[in-house]
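I have placed the structure first, in the form of structure tokens, so that the comments after it can refer back to it.
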Amino acid sequence: MRTYSHFFQTLHDEIGPVGHLGRGTHYSVLRAVSFQDADGGLISEAQFLDFAIIWDEDHDERVIEPIYKLYCSGLLSNFVMFGERKGSMTGIISPFSVASTAYLSKRLQDVCNDMANGDFWTTEIGSFANPSGIISDNDANVALYLANINMLWHLGLKKIDHPISQAAQEAQRTQWMERIMKQSKAG
Numbered sequence: 007m008r009t010y011s012h013f014f015q016t017l018h019d020e021i022g023p024v025g026h027l028g029r030g031t032h033y034s035v036l037r038a039v040s041f042q043d044a045d046g047g048l049i050s051e052a053q054f055l056d057f058a059i060i061w062d063e064d065h066d067e068r069v070i071e072p073i074y075k076l077y078c079s080g081l082l083s084n085f086v087m088f089g090e091r092k093g094s095m096t097g098i099i100s101p102f103s104v105a106s107t108a109y110l111s112k113r114l115q116d117v118c119n120d121m122a123n124g125d126f127w128t129t130e131i132g133s134f135a136n137p138s139g140i141i142s143d144n145d146a147n148v149a150l151y152l153a154n155i156n157m158l159w160h161l162g163l164k165k166i167d168h169p170i171s172q173a174a175q176e177a178q179r180t181q182w183m184e185r186i187m188k189q190s191k192a193g
């Protein structure tokens, strides 16, 4: 599997388009070690942070730089997915984050304004219920695609080296679905 950064382990990597959603949509799942909770607050024991990158047909790896900058600033744990499409970067906020959307939007824009190669990307913030412009397709199909990725990978923070029991997995799934439903009612 491809290594996108020495700071992130690649768990799953689709290198080209799969299916007929958007323009060449495919995804990768990466893992970081985090000492922050979903709000960026310090935690006493490191956890894994799994997040997805939604690629379009050009598989533009420049998205790694702003993700890395969010990681270094302690904000990555607020997000569970990222995507770049047509010069715009979208961040999907973790359902467990309580940081303000305005704050996260500004921070994402800040890191995208300061890219090493001089590129500038506009940014959008979304959620599972309102995925914004992460994929150019019908919103319901996009939301289903993102929910399926989350269902397969249980994105977000998780304890290290503690196998998850069936009951704990079901509780985690229920908690995710409750938060997603709450967001869709609010949004």
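Under our numbering, the final residue of the sequence shown carries the number 193; numbering is consecutive throughout.
Glycine included, C-beta positions come from ideal geometry on N, C-alpha and C.
Going by the CB atoms, is the gap between residue j and residue i shorter than 8 angstroms?
{"i": "isoleucine 59", "j": "tyrosine 33", "result": "yes"}
{"i": "glycine 30", "j": "glutamate 63", "result": "yes"}
{"i": "isoleucine 98", "j": "phenylalanine 54", "result": "no"}
{"i": "aspartate 56", "j": "leucine 17", "result": "yes"}
{"i": "valine 86", "j": "asparagine 156", "result": "yes"}
{"i": "leucine 161", "j": "serine 40", "result": "no"}
Grouping DSSP H, G and I as helix and E and B as strand, with all else coil, what is residue i?
{"i": "valine 86", "result": "strand"}
{"i": "threonine 9", "result": "coil"}
{"i": "threonine 31", "result": "coil"}
{"i": "valine 39", "result": "strand"}
{"i": "isoleucine 141", "result": "coil"}
{"i": "glutamine 133", "result": "Looking at the sequence itself, residue 133 is serine, so the reference to glutamine does not match. DSSP places serine 133 in coil when its eight states are reduced to three."}
{"i": "serine 190", "result": "helix"}
Name the two residues that bound the continuous alpha helix (DSSP H) containing residue i.
{"i": "isoleucine 73", "result": "70-78"}
{"i": "lysine 112", "result": "107-119"}
Where do the ends of the beta strand (DSSP E) carrying residue i lie?
{"i": "isoleucine 49", "result": "48-61"}
{"i": "serine 19", "result": "Serine is not the amino acid found at residue 19; the sequence shown has aspartate there. Start and end: 15-19."}
{"i": "leucine 163", "result": "162-165"}
{"i": "serine 103", "result": "No beta strand (DSSP E) holds serine 103; DSSP gives it neither H nor E."}
Pick out whichever of the options has its Cα sitting closest to the Cα of residue i.
{"i": "tryptophan 61", "options": "Ser94, Thr107, Ala108, Ser190", "result": "Ser94"}
{"i": "glycine 46", "options": "His160, Ser100, Arg91", "result": "Ser100"}
{"i": "tyrosine 10", "options": "Leu152, Gly28, Ala38, His26", "result": "Ala38"}
{"i": "tyrosine 151", "options": "Asp56, His65, His12, His26", "result": "His26"}
{"i": "arginine 8", "options": "His65, Glu51, Leu48", "result": "His65"}
{"i": "asparagine 84", "options": "Gly132, Phe126, Gln181, Lys191", "result": "Gly132"}
{"i": "arginine 91", "options": "Arg113, Leu161, Trp127, Leu82", "result": "Trp127"}
{"i": "glycine 28", "options": "Gly89, Phe13, Ser40, Asp19", "result": "Gly89"}
{"i": "aspartate 120", "options": "Gly80, Ile73, Asn136, Val148", "result": "Ile73"}
{"i": "arginine 113", "options": "Asn136, Ala146, Asn123, Ser79", "result": "Ser79"}
Since residue i contacts residue j with CB under 8 angstroms, what's their CB separation in whole angstroms?
{"i": "threonine 129", "j": "cysteine 118", "result": "5 angstroms"}
{"i": "tryptophan 159", "j": "valine 24", "result": "Contact flag wrong, Cβ pair sits at about 15 angstroms."}
{"i": "serine 142", "j": "threonine 96", "result": "With 8 angstroms as the limit, serine 142 and threonine 96 do not qualify as a contact, their Cβ atoms being about 11 angstroms apart."}
{"i": "tyrosine 77", "j": "phenylalanine 13", "result": "6 angstroms"}
{"i": "phenylalanine 102", "j": "arginine 185", "result": "7 angstroms"}
Should residue i be flagged as near chain D, meaning a C-beta pair shorter than 8 angstroms?
{"i": "glutamine 172", "result": "Judged by its chain identifiers, the structure shown contains no chain D, having just a single protein chain."}
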